[in-house]
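J.: Following UniProt numbering, the numbering of the sequence shown begins with 1 at its first residue and continues without gaps. This is the structure I want to talk about, given as structure tokens.
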Amino acid sequence: FLEKCSCKSKNVIGTFKLKGDKPFETTCLGTFANVKGVKFDRWQIACSNLYERADFVPQIWPFEDESGNSIINIKQPPSDRTCKKNLAKTFKRNRVIRCEHDESKLTGCQCTEFKDSISVSMNTEKQEKLGLTATCANTKSTDSEIETWNLHCDLNGNGVIDKDESTKTVSVNTKANEFYCKVKKTISEGLKCTKLAGATCLCDDFWDHFKYEVDFKKEHKKGIKIVTECISGSLIHDTWRISAVKDGKECGYSMEKKFKHDNEKQRCLSKLKSDIKTFVKEYDIARKC
Numbered sequence: 001f002l003e004k005c006s007c008k009s010k011n012v013i014g015t016f017k018l019k020g021d022k023p024f025e026t027t028c029l030g031t032f033a034n035v036k037g038v039k040f041d042r043w044q045i046a047c048s049n050l051y052e053r054a055d056f057v058p059q060i061w062p063f064e065d066e067s068g069n070s071i072i073n074i075k076q077p078p079s080d081r082t083c084k085k086n087l088a089k090t091f092k093r094n095r096v097i098r099c100e101h102d103e104s105k106l107t108g109c110q111c112t113e114f115k116d117s118i119s120v121s122m123n124t125e126k127q128e129k130l131g132l133t134a135t136c137a138n139t140k141s142t143d144s145e146i147e148t149w150n151l152h153c154d155l156n157g158n159g160v161i162d163k164d165e166s167t168k169t170v171s172v173n174t175k176a177n178e179f180y181c182k183v184k185k186t187i188s189e190g191l192k193c194t195k196l197a198g199a200t201c202l203c204d205d206f207w208d209h210f211k212y213e214v215d216f217k218k219e220h221k222k223g224i225k226i227v228t229e230c231i232s233g234s235l236i237h238d239t240w241r242i243s244a245v246k247d248g249k250e251c252g253y254s255m256e257k258k259f260k261h262d263n264e265k266q267r268c269l270s271k272l273k274s275d276i277k278t279f280v281k282e283y284d285i286a287r288k289c
């Protein structure tokens with residue numbers, strides 16, 4: 001027969017801050033006294049989705065084993081203190097629980113869903129900002145509360161780190177506090193990423209007018225990205241370089257196309273789309289890339 005815990009389950013649950021949609025459960029495993037006669041409650045705290053997969057790892061777990069299923073001992077409070085206050089004092093810092101499975105702890109980075117905010121926060125350019133690309137470096141830090149991310153100023157948008165493009169490595173905090181998944185700026189420098197002064201074409205915003213996953217469905221499904229780069233433009237003509245990238249690497253096929261648009265935007269969009277379709281078909285990109 002297990003002796004009833006001095007704390008109530010609702011007080012134990014209320015001590016922790018639940019993030020995400022997956023709940024956790026608490027179970028009293030009885031009480032015990034140490035050699036000095038000090039009494040403790042023994043509690044099991046476990047994610048409700050613990051057994052959904054064999055390799056389950058919670059995204060945020062306040063206990064050292066990071067298992068999503070921990071047994072903790074809680075000292076019973078003195079008579080002049082409530083259980084709630086005692087719990088709050090015991091777990092003063094690490095209180096956050098997020099029970100969603102974290103694939104990144106097995107294969108990559110914990111802060112993948114925050115990659116956009118990481119890239120935005122680290123672009124130190126004041127004026128003509130160009131979006132940085134932030135990617136998980138997939139390297140384990142000696143500090144368990146830090147992970148490494150790579151920043152890339154992708155000037156031509158082809159997804160490849162070219163010779164004239166800047167990169168930087170930054171450290172991101174993974175400790176469960178108000179700085180969770182934010183760059184540690186005390187040890188990481190930002191990167192200035194701005195548009196190059198140079199060629200502009202009438203159809204520079206081409207991809208804003210089309211849905212890639214619809215207009216180039218076959219290529220999209222195979223993870224292929226069609227890259228368009230303005231070489232030169234005027235009030236009469238545009239010249240474009242068209243290429244393809246898969247998994248961050250160029251496929252080895254490219255085409256330059258010059259066409260007349262007479263400063264008519266719709267004509268420019270239609271002609272560039274037609275040239276991209278020609279490129280995709282001529283080089284059989286969906287199969288060969």
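No residue lacks a Cβ here, since even glycine has one placed at the ideal position from N, Cα and C.
(1) Tell me the residue span of the alpha helix (DSSP H) that contains Ala33.
(2) Just to confirm before moving on: does the CB-CB distance between Lys246 and Phe259 stay below 7 Å?
(3) Please report the straight-line C-alpha distance between Glu250 and Phe216, rounded to a whole angstrom.
(4) In the DSSP output, which residue or residues are listed as bridge partners for Ile72?
(5) Enumerate, from N- to C-terminal direction, the unbroken alpha helix (DSSP H) stretches of 4 or more residues contained entirely within the stretch 109–155.
(6) In the structure shown, what three-state DSSP assignment does Ser6 receive?
(7) Could you check how far apart the C-beta atoms of Val183 and Met122 are, in whole angstroms? I think they sit under 8 Å.
(8) For Ala54, report the span of its beta strand (DSSP E) as first-last.
(9) On the three-pair Cβ rule with 8 Å, is the stretch 203–211 touching the stretch 162–175?
(10) The alpha helix (DSSP H) that contains Cys289, what's its start and end?
(11) When DSSP labels each residue in this structure, what does Arg81 get in the three-state scheme?
(12) Just curious, the beta strand (DSSP E) that Asp238 is in, first and last residue?
(13) Compute the distance between the beta-carbons of Cys99 and Lys22, then report whether it is under 7 Å.
(14) With a 10 Å radius around its C-beta and 16 neighbouring C-beta atoms as the bar for buried, classify Val38 as buried or exposed.
(15) How close, in whole Å, do the beta carbons of Thr194 and Leu130 come, if the pair is a contact with beta carbons under 8 Å?
(16) Using a threshold of 7 Å, state whether the C-beta atoms of Asp262 and Ile236 are closer than that.
(17) Any idea if Tyr283 is buried or exposed, counting beta-carbon neighbours within 10 angstroms, 16 or more meaning buried?
(18) Mark Gln266 as exposed unless 16 or more other C-beta atoms lie within 10 angstroms of its C-beta, in which case mark it buried.
(19) Under the assumption that Thr133 contacts Ser117 (Cβ atoms under 8 Å), give the Cβ distance between them as a whole number of angstroms.
T.: Taking the definition as stated:
(1) Unbroken run through Ala33 is the beta strand (DSSP E), Phe24 to Ala33; no alpha helix (DSSP H).
(2) It is not a contact, given that the beta carbons lie outside the stated cut-off.
(3) Roughly 18 Å between the two C-alpha positions.
(4) Beta-bridge pairing links Ile72 to Trp43.
(5) Within the stretch 109–155, the runs of alpha helix (DSSP H) that reach at least 4 residues and sit entirely inside it are, in chain order, 115–121.
(6) Reduced to three states, the DSSP call for Ser6 is coil.
(7) Contact between Val183 and Met122 holds: their C-beta atoms lie close to 6 Å from each other, under 8 Å.
(8) Element bounds for Ala54: n/a, residue is neither H nor E.
(9) The stretch 162–175 and the stretch 203–211 do not touch, with fewer than three beta-carbon pairs separated by less than 8 Å.
(10) Neither: Cys289 is in no alpha helix (DSSP H) and is coded neither H nor E.
(11) It is coil, neither helix nor strand.
(12) Counted as a single uninterrupted DSSP element, the beta strand (DSSP E) harbouring Asp238 occupies residues His237 to Lys246.
(13) Taking a C-beta distance under 7 Å as the contact criterion, Cys99 and Lys22 qualify as a contact pair.
(14) It counts as exposed.
(15) The pair is a contact, with the Cβ atoms about 6 Å apart (cut-off 8 Å).
(16) Contact: yes.
(17) The residue is buried, with at least 16 neighbouring Cβ atoms inside 10 Å.
(18) Label assigned to Gln266: exposed.
(19) Between Ser117 and Thr133 the Cβ distance is about 13 Å, and since that is not below 8 Å, they are no contact.
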